[in-house]
Amino acid sequence: MERRAQTIEDLLRELEETRQQLYEAEETIEAIRTGQVDALVVHSEGVHQLYTLQSADHAYRVFIEKMSEGAITLNESGLVLYANTQFATMIGHPLSGIIGLPFRNFLTPESHPAYDELFSASWSTDVKAEVELLGTGSRVPVQLSSTALELIEGISLCVIITDLTAQKNVRQQLEHSNRELDQLNKSLEASNHDLQQFASVASHDLQEPLRKIQIFTNILSNSCLHKLNADETRYLNKVTASASRMKELIRDVLNYSKLSASEERFTRTDLDVIVKELLEDLELMITERGARISNAGLPSVDANPGQMRQVFQNLLSNALKFSRPGIAPEIRITGRKLLHPGFDSVEHPEGPYCLISIQDNGIGFDEKYIYKIFSLFERLHTKEHYEGTGIGLAITKKIVDKHRGLIQVHSTEGVGTCFEIILPVLQPEKKPA
Amino acid sequence: MLPRKILLAADDSDDRELFRLYAAARPVPGLVHVAENGAEVIELLSDGLTGTGLPDVIVLDQNMPRKNGIETLAELKRSPAFRAIPVFIYSTYASEALRVQCLQLGALSVFQKPDSPEAYQYIIDGILRLIS
Amino acid sequence: MKAQDPVPQDPEAEAEYVLRLFITGATPNSLRAVSNIREICDRYLAGRYSLKIIDVSQEGTLVQEEQIIALPLLVKKSPGPERKLIGDLSQTEKVLKALGLNP
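Protein chains in written order, with the numbering used here: chain W, 1 to 433; chain G, 1 to 132; chain X, 1 to 103.
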């Protein structure tokens, strides 16, 4: 009955609508046939599924959408043909408010000249420029990196937009920490200077009263030793021993601080000669302990002879000192040439570095203390049994450092210790000041 | 042999006492005149050691107030009246640099402060032998 | 007003021609369609239209509201009956026809 109520106009309109639908359907088929369609949408059970027809570029599209840079495509008049979600996030606009609008609209006025230049140059070459985006309430520093892309339908511009905010923050932070580091360095220098002042004062002013203690105890023991009982003699000897130990300490601190201040002056130094002389000096100690020392031969290097002597003196006397009770010390000195400044380097008879190793069969130490052994005043063994100031190895390390060398140590408790030193054979010529 | 006249400049009274003690104990004794600093040395010399004439030798401590050892040495060597007197310098820490500087200025020798009675005797012996 | 539209004032309410273009990202057809519809609008409908371009690969929810079968898709919401055109919109006379602008 309803049908009858329809007027001719209604029917005509219905006809027109049907014809229109048919037209649209024909057009759709035509569009698909001529390759104008990118995707089909299939409705099933209330779910819409998107089927792209050009799946080859699907991966790229996902990539573009997911990447952390903004990506846009501009046509020849600078309109945004495409923008990825990241770009929309950068400027805080919905995508629908971006596409089809001039990209220039999203830049700060100050950025327009740079952008215009980039835009006109981009068609013939790849161009980069730094500009500022107008974000919501804030300016976003970005880098634009554009490439012209020639498609069948014409040329367009692909622009990658990199947010520089984090980078600029990092740069600022870096500058800030550099300034802090500078400050720290200055105060370190100052405290180093103070330390040297202190060492200098210590060497002079502390030595003075100490010398008095030594002289007057000496006079005292010369004049009244025969009047003292056994305990009193022992006490007096303790004073004398403590005084000479303190003298040693002061001397070593002074030597250490002098090393910091001294300029390096290197001359060709035959390490073999130095070791030979040292062994003569240590002869008494060597015979006393029944030590056997072998030297397989050491090369000549550019070095400070006095300091090298100190290094070998420290290491050899350590090796003699820290021997196992009842076991004669056996010390092996060897020298080899290396290709590279590293303990794992290949040996080479003409190598520019030399590796010196000093191996003993002494008491050794637990390798967990390695980090301590080269520090000032660190002693791994009680001084009751093994004398020394605890400065020797710190001085040794400092000297090796000053020679641009490396030092390392391996040790096994109850088996022995091996010190290894790498020194450059040649030192760079010192430039005249 | 006549006792040797030694002029010692040291700001430390213990040093002065020890020096006098060990100098006096020598077979040929040293007669020690003392000054507390370099400026006083010049004054004493200008007075001719208050009538007893110039010393046979001058021993200067390097570290003294008002005028230290090197400054005094330089002044002595500039003076026509005093430049012939042998000068020894001593210091708690006789560095190579100090040694070189003193010898260049005309000191006879530089030595480190003794830290035992034996060292004192040895040094005073040496000084007396060098000037005899 | 649609919930998805964050612009407080709806330009669609004032425009004579209300158009929507649905595309699928930066595909050649979509890019061409955007370019073409902009040109046509500026030439024939300057000042009289509102065009919203919707990338369904980014704003998936919008697809639910429209009877979309293929992309790119141009929808004329007004004036007159709703009209749809699928393709890259490169044939101007067909676009004009869909907009009801042909003689």
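Beta carbons are placed, not taken as given, at the ideal position from N, Cα and C, and that holds for glycine.
Test: residue i CB closer than 7 angstroms to a CB of chain W
i, result
"X/Ile53", "yes"
"X/Gly100", "no"
"X/Gly87", "yes"
"X/Asn29", "yes"
"G/Ser116", "yes"
"G/Lys67", "no"
"X/Gln91", "no"
"G/Thr72", "no"
"X/Arg38", "yes"
"G/Asp14", "yes"
"X/Lys77", "no"
Cut-off 7 angstroms between Cβ atoms - residues of its own chain near residue i, not counting five sequence neighbours on either side
i, result
"G/Lys77", "Arg83, Leu105, Gly106"
"W/Ala88", "Pro94, Leu95, Ile98"
"G/Tyr120", "Leu18, Tyr22, Pro114"
"W/Glu65", "Asn84, Thr85"
"X/Leu45", "Tyr17"
"W/Val275", "Asn295, Leu298, Phe312, Ile333"
"W/Gln408", "Phe343, Glu420"
Contact with chain G by residue i, beta-carbon distance below 7 angstroms
i, result
"W/Ala433", "For W/Ala433, the predicted model reports a pLDDT of 42, less than 50, meaning its position is unreliable and no value from the coordinates is stated."
"W/Glu434", "With chain W running from 1 to 433 in the structure shown, residue 434 of chain W is simply not present."
"W/Lys238", "no"
"W/Arg309", "no"
"W/Gln207", "yes"
"W/Lys212", "yes"
Continuous beta strand (DSSP E) stretch holding residue i: start and end
i, result
"G/Leu8", "4-9"
"W/Thr417", "416-424"
"W/Phe374", "Note, W/Phe374: premise wrong, no beta strand (DSSP E); not H, not E."
"W/Tyr353", "353-359"
"W/Asp344", "Unbroken run through W/Asp344: none, as it is neither H nor E."
"W/Asn295", "292-295"
"W/Gly335", "330-338"
"W/Asp302", "300-303"
"W/Ser411", "406-412"
Cβ of residue i within 7 angstroms of any chain X Cβ
i, result
"W/Asp163", "no"
"W/Thr85", "yes"
"W/Leu95", "yes"
"W/Gly78", "no"
"W/Gln21", "no"
"W/Leu81", "yes"
"W/Asp182", "no"
"W/Ala31", "yes"
C-beta atoms of residue i and residue j nearer than 7 angstroms
i, j, result
"W/Asn218", "G/Pro114", "no"
"W/Ala319", "W/Ile331", "yes"
"W/Ser156", "W/Thr73", "yes"
"G/Asp56", "G/Ile127", "no"
"X/Asp88", "X/Arg38", "no"
"W/Leu118", "W/Pro141", "no"
"G/Ile58", "G/Ile89", "no"
"W/Gly100", "X/Val34", "yes"
"G/Arg16", "G/Ala25", "no"
Proximal residues to residue i (C-beta, below 8 angstroms), its chain only, five neighbours per side dropped
i, result
"W/Leu278", "Arg309, Phe312, Gln313, Leu316"
"W/Ala56", "Because W/Ala56 carries a pLDDT of 48, less than 50, the predicted location of this residue cannot be relied on, and the following value inherits that uncertainty. Cβ neighbours of W/Ala56 beyond the five flanking positions: none."
"W/Leu259", "Gln307, Ile395, Lys398, Ile399, Lys402"
"W/Met285", "Ala291, Ser317, Leu320"
"X/Ala98", "Leu74, Lys76, Arg83, Lys84, Leu85"
"W/Glu413", "Ile363, Gly364, Phe365, Asp366"
"G/Gly53", "Lys5"
"W/Asp182", "none"
Presumed contact (8 angstroms Cβ cut-off) between residue i and residue j, rounded CB distance
i, j, result
"W/Ile358", "W/Cys418", "7 angstroms"
"G/Glu75", "G/Ile42", "6 angstroms"
"G/Ala94", "G/Phe111", "6 angstroms"
"W/Ile421", "W/Ile356", "5 angstroms"
"W/Gly335", "W/Leu271", "7 angstroms"
Span of the alpha helix (DSSP H) around residue i
i, result
"X/Lys97", "92-98"
"W/Tyr115", "112-121"
"W/Asp270", "No alpha helix (DSSP H) contains W/Asp270, which is instead part of the beta strand (DSSP E) from 267-270."
"G/Val59", "From DSSP, G/Val59 is part of no alpha helix (DSSP H) but of the beta strand (DSSP E) over 57-61."
"W/Tyr82", "W/Tyr82 -> not in any alpha helix (DSSP H); beta strand (DSSP E) instead, spanning 80-83."
"G/Gly38", "38-46"
"G/Arg26", "G/Arg26 -> no alpha helix (DSSP H), and no H or E assigned at all."
"X/Arg38", "28-44"
Sequence-distant residues of its chain with Cβ nearer than 6 angstroms to residue i (five each side left out)
i, result
"W/Ser124", "none"
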